[in-house]
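The sequence shown begins at 5 in the working numbering and counts up by one.
All remarks here apply to the structure that follows.
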Amino acid sequence: MILLDGKATAATIRTELKARVDALRQDHGRAPGLAVILVGDDPASQVYVRMKEKGCAEAGIVSFSHRLDAAVAQGELEALIDRLNADPAVDGILLQLPLPKGLHSQACLERIAPDKDVDGFHPENMGRLALGLPGYRPCTPAGVIELLRRHGVTTAGKRAVVLGRSNIVGKPMALMLLEYGALGDATTTVVHSRTPLDDQRACCREADIVIAAVGRPLHVKADWIKDGAVVVDVGIHRTEAGLVGDCDFEAMKDKCAAISPVPGGVGPMTIAQLLTNTVAACAAHLGA
Ligand code: GUN
5 MILLDGKATA
15 ATIRTELKAR
25 VDALRQDHGR
35 APGLAVILVG
45 DDPASQVYVR
55 MKEKGCAEAG
65 IVSFSHRLDA
75 AVAQGELEAL
85 IDRLNADPAV
95 DGILLQLPLP
105 KGLHSQACLE
115 RIAPDKDVDG
125 FHPENMGRLA
135 LGLPGYRPCT
145 PAGVIELLRR
155 HGVTTAGKRA
165 VVLGRSNIVG
175 KPMALMLLEY
185 GALGDATTTV
195 VHSRTPLDDQ
205 RACCREADIV
215 IAAVGRPLHV
225 KADWIKDGAV
235 VVDVGIHRTE
245 AGLVGDCDFE
255 AMKDKCAAIS
265 PVPGGVGPMT
275 IAQLLTNTVA
285 ACAAHLGA
């Protein structure tokens, strides 16, 4: 079994990015900049945002932190986004989701200039993904693809099942697996919360590649997995038994050709992809 080690892979990516960032600074006199907006005090979001800012520091990216009260007005949040859109030191804008109740996340995401949309959530970038055109790709599915690529896993011609249809993970993940190329070209099935459990299991049993993003602890059982399958677990849940994913890692790991752990799998890759997108945005803004 190959462990899809996202922690080590992300560290490698940060080192590679640091060299790129140093070169940009040498040649153009400034480092890439990422504005990070956190609204409210959701503890999980606070942890994620802190990890994103730490990742920036390690890659030599400047981060601009904007912490807003949960009671902030929609107009005030949009005005901040407008200022960041106009700020030449800011290459990327990250609005941490979910937003507190009363704020319209879709309106905010659409307010972010597509050339600074390093999360890839603007309809223009999502549309470009759907059309197979270049653009910023959502960080979690792009991180999954990069994790597979760096472990020599290809998807072309294989049967892939994505569990979950969220705009952040499942939907863009399926679109990426449908793109042309060795890390696409998969026969792709999406199952979701309205797919009967028996059908979810039946689809998974046929799959060469299973990508779990359902948001339910230990949802995917060992007997759903074909011998020699590749499993990528996007979930992370704090339980009494510690952090677990959407998949029963311990029960299935020995039958998998490759599997990602939780923690230390997809999570660090999501952040590495955010940093990668930010450096790419900077290079585009500098004409480098
Ligand atoms: N919340 C959960 N995942 C993500 C993500 O990838 N980006 C942002 N901005 N918020 C999230």
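The beta-carbon is built from N, C-alpha and C at its ideal position, and this holds for glycine as well.
To the nearest angstrom, how far is the alpha carbon of residue i from that of residue j?
| i | j | result |
| --- | --- | --- |
| G10 | G106 | 35 angstroms |
| H241 | Q30 | 42 angstroms |
| L290 | K22 | 17 angstroms |
| G219 | G249 | 8 angstroms |
| T274 | R154 | 14 angstroms |
| A245 | P221 | 11 angstroms |
| A216 | V238 | 6 angstroms |
| T159 | P118 | 29 angstroms |
| D227 | L201 | 13 angstroms |
| P36 | E62 | 13 angstroms |
| R34 | L28 | 7 angstroms |
| T191 | F125 | 24 angstroms |
| H32 | A14 | 26 angstroms |
| F253 | I116 | 38 angstroms |
| K58 | I6 | 28 angstroms |
| D123 | A288 | 16 angstroms |
| V270 | C251 | 13 angstroms |
| K230 | R209 | 5 angstroms |
| M177 | V157 | 16 angstroms |
| T16 | A48 | 25 angstroms |
| E114 | V94 | 17 angstroms |
For my contact list, residue i and residue j are in at a C-beta cut-off of 8 angstroms; report their separation, rounded to the angstrom.
| i | j | result |
| --- | --- | --- |
| V224 | L167 | 7 angstroms |
| A164 | L181 | 5 angstroms |
| V235 | C260 | 5 angstroms |
| V43 | S67 | With 8 angstroms as the limit, V43 and S67 do not qualify as a contact, their Cβ atoms being about 16 angstroms apart. |
| G172 | P127 | It is worth fixing the name first, because residue 172 is Ile in this sequence and not Gly. That pair is no contact at about 14 angstroms. |
| K162 | I213 | 6 angstroms |
| A211 | A186 | With 8 angstroms as the limit, A211 and A186 do not qualify as a contact, their Cβ atoms being about 18 angstroms apart. |
| G96 | A285 | 5 angstroms |
Validate contact between the segment 135–147 and the segment 77–93 using beta carbons, cut 8 angstroms, 3 pairs:
Not touching, per the Cβ criterion.
Residues around ligand 1, please: the ones whose beta-carbon is closer than 6 angstroms to some heavy atom of it, in chain order.
L98, L99, Q100, L101, D123, C143, T144, I172, T274
With a cut-off of 8 angstroms, do at least 3 Cβ pairs link the segment 96–115 to the segment 38–57?
yes
Is the number of C-beta pairs between the segment 139–149 and the segment 276–286 that are closer than 8 angstroms three or more?
yes
Check whether the segment 263–272 and the segment 65–75 are in contact - that is, three or more C-beta pairs closer than 8 angstroms.
no
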